[in-house]
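Enquirer: According to my numbering, the stretch in the sequence shown is residues 198 to 697, in order. The structure under discussion is supplied below as structure tokens; questions concerning it will follow.
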Amino acid sequence: MNSGKYDVIVIGAGISGLLSALVLSKHGNRVLVLEKNDCVGGNCRTYNVDGFMVDTGPHAVTMLRGGPLCMLMDQYFDKVPDFIRYGDYYIRSAETKELVRCPTNVHDFMTFDFLPLKDRILLSSAIISAFTRMSAGKDYSKISVYDALPKSLSSNAFAFADTFSKFMSGRGMKETSVRRMAAGSTFSSEKKMTRDEFDALVNGIIMHDDVSGTPSASKKEVIGKLLYHKGGFSNQGYPVGGIGSILTCLLESLPENVEIRTGCRVRRIFSENGSVRGAEFFTDPLSGVTESAYADLIVYTGFAANLIKMLEELPAEYGGRLRKIDHTISITSWAGLDEKIPALSYIGSEVRYEEMPYWGGPMSNYDPGLAIPGGQLAGFCFVPNPRKNIRGQIDRTFDTLFDSIPGLEDHVVMKHAQITVPEKAAITINGEFADVRTPVKGLYMAGTDTDKRSMGITRAAYSVIDLMEALEKDGRFPRKNSFGGYGNHRAYLPADIAGE
């Protein structure tokens, strides 16, 4: 069956696909979005479990002061969520159960009693050495965190480094680069468009050749930042109503020229003489019934390696690169409580790095409506080890939480677990990434397989802006109306408090 001709076909209705559809449709293009699942949003969903509203994995939305998601929302969203300042990160001791604010600079490390003084001195020296050399131009993108650390550190200190590596990249310290840790902790900046450059791009103007970065800092400036850096926490937030509030606002901003079809798995992408022409997709996988839709521009936002099955015309070398993309996997364990407990009275999240590490916190402290009346909702993310029999590790995650957080087990009335891929491509030393451009004309990509910057929704937003730029440079960004963006410059978070 022929579904007709479109200006653009977007494959995948996760946050990357929907942002791509929003941008292209606002400029007058007729867009078809194909999603293989029965719901849209991917990991940007919030849903009900026994009266508790759980997100698809725990989320902290990064770069809410001028980051890529902010720029897209300002120019393309008809309505936006309300965000609450994320708060601080804490370390919870497996032995004493106490919480201590997570160290974000060398000064904090020197007073971080969770580690012996010898470890603190060695870690501080290693951090100063690596980041000073990085600021002078040394490339640390292929140097692992493990290789940069003194081997005389205690096993506890290595466990600390390994845990934070996992939550920054999805892999341990032997596979995570120093460069990734520096960017993830905001010690070093990530290249991005300025607001003026993006506003110009919305109107079809390229103001630059390469995205801008922060000028190199002097050694004195680097050491000053290392000593007193407060982390990027003040730029992080959480949306009222859960992470699904972003999805709701996005869907309500889509114009009528967007058609979303769920339960439609793409079987193959048509191409002719090196250019895409359309896609064939299953409308009923059980019976094998298919339809076809046609467009000269296709944006693929699924797992990059799956393109190999959909398009025979992909060069073998390119397909080999896509096969090397590695993915992160996580278990998120949710606990719904019948009342609030003192151990989860903070705003922010906690990390446990001993034994079975986790990251997460009490999400209903941002919005009580996420829990049952008088109750509390908390979610915690684990990186499964080993990466097999993952479902069999779920009980261990709850045992770890009950052992770590005083009073938690006594008040649990709801338990729920998720196994997700929070980031498509893991940011590892030898990991491959796709690019928004492919070797086939008219076929582009977006999503977390194509960008190494930041994480989660912010990383997806970066990829969509890169897609916009590539389409504009290639002369493939059709503008069929006079839309030039809304030109908003919203404050998504309150101004920094003194001392931040």
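Think of the CB as a built atom: it goes at the ideal place given N, C-alpha and C, for glycine as much as any other residue.
What does the alpha-carbon distance come out to for the pair Leu221 and Leu215?
Expert: Distance between the alpha carbons of Leu221 and Leu215 is about 10 Å.
Enquirer: So, are the CB atoms of Ser362 and Tyr337 less than 9 Å apart?
Expert: No.
Enquirer: By DSSP, does Ala688 sit in helix, in strand, or in coil?
Expert: Looking at Ala688 - three-state DSSP - the assignment turns out to be coil, as it is neither helix nor strand.
Enquirer: Report, in whole angstroms, the separation of the C-beta atoms of Thr617 and Val258, which I expect to be a contact under 8 Å.
Expert: The Cβ separation is near 17 Å, so there is no contact.
Enquirer: Excluding the five sequence neighbours on either side, which residues of its own chain have a C-beta within less than 7 Å of the C-beta of Arg227, listed in chain order?
Expert: Counting only Cβ-Cβ distances below 7 Å, and skipping sequence neighbours, we find Tyr203, Asp204, Asn454.
Enquirer: To the nearest angstrom, how far is it from the Cα of Leu605 to the Cα of Ser341?
Expert: Leu605 and Ser341: Cα-Cα distance of roughly 36 Å.
Enquirer: Which value, in whole angstroms, describes the spacing of the CA atoms of Val303 and Ala379?
Expert: The alpha-carbon atoms of Val303 and Ala379 are separated by roughly 13 Å.
Enquirer: I need the straight-line Cα distance from Tyr273 to Gly264, nearest angstrom please.
Expert: Cα to Cα, Tyr273 sits roughly 14 Å from Gly264.
Enquirer: Which of the three DSSP states, helix, strand or coil, is assigned to Phe249?
Expert: In this structure, Phe249 counts as strand in the three-state DSSP scheme.
Enquirer: Can you list, in chain order, the residues of its chain whose CB lies under 7 Å from that of Pro636, leaving out five sequence neighbours each side?
Expert: These residues qualify, in order along the chain: Leu511, Pro512, Tyr515.
Enquirer: Got a sec? Which residues, its chain only, sit under 7 Å from Ile626 by beta carbon, not counting five neighbours each side?
Expert: Same-chain partners within the cutoff: Lys339, Ser341, Glu372, Ser374.
Enquirer: Helix, strand or coil, according to DSSP, for Tyr337 in the structure here?
Expert: The answer is coil: DSSP assigns Tyr337 none of H, G, I, E or B.
Enquirer: Taking the CB atoms as reference points, tell me whether Val633 and Glu456 lie closer together than 9 Å.
Expert: Not in contact: Val633 and Glu456 (Cβ atoms no closer than 9 Å).
Enquirer: Measure how close the beta-carbons of Ile522 and Gly284 come, nearest whole angstrom, since I'm counting them as under 8 Å.
Expert: Ile522 to Gly284, Cβ: 33 Å. No contact.
Enquirer: If you drop the 5 nearest sequence neighbours on each side, which residues of the same chain put their C-beta closer than 6 Å to that of Val437?
Expert: The residues are Asp279, Asp564.
Enquirer: Can you tell me whether Ser542 is buried or exposed? The criterion is at least 16 other CB atoms within 10 Å of its CB, across all chains shown.
Expert: With fewer than 16 Cβ atoms within 10 Å of its Cβ, Ser542 is classed as exposed.
Enquirer: What is the DSSP secondary structure of Tyr515, reduced to helix, strand or coil?
Expert: Of the three classes helix, strand and coil, the one that applies to Tyr515 here is helix, per DSSP.
Enquirer: Between Leu261 and the rest of its own chain, which residues show a CB-CB distance below 8 Å, the 5 nearest in sequence each way excluded?
Expert: Result list for Leu261: Cys267, Phe280, Asn432, Gln433, Gly434, Tyr689, Leu690, in chain order.
Enquirer: Taking buried to mean at least 16 other C-beta atoms within 10 Å of its own C-beta, is Met365 buried or exposed?
Expert: Classification for Met365: buried.
Enquirer: List the DSSP bridge partners of Gln615.
Expert: Note: Gln615 sits in a beta bridge opposite Thr529.
Enquirer: Which residue wins for smallest C-alpha separation from Ser290, given the options Met665, His686, Thr529, Leu312?
Expert: With distances taken between Cα atoms, Ser290 lies closest to Leu312.
Enquirer: Answer yes or no: do Arg687 and Asp271 have a C-beta to C-beta separation smaller than 9 Å?
Expert: Closer than 9 Å, so yes.
Enquirer: Could you give the DSSP three-state label for Ala356: helix, strand or coil?
Expert: It is helical.
Enquirer: On the DSSP letters alone, give me the boundaries of the alpha helix (DSSP H) that Ala658 sits inside.
Expert: Per DSSP, Ala658 belongs to the alpha helix (DSSP H) from 653-670.
Enquirer: Below 8 Å CB to CB, which residues in the same chain sit around Lys670 once its five sequence neighbours on both sides are set aside?
Expert: Once the five neighbours on either side are set aside, the close Cβ partners of Lys670 are Ile403.
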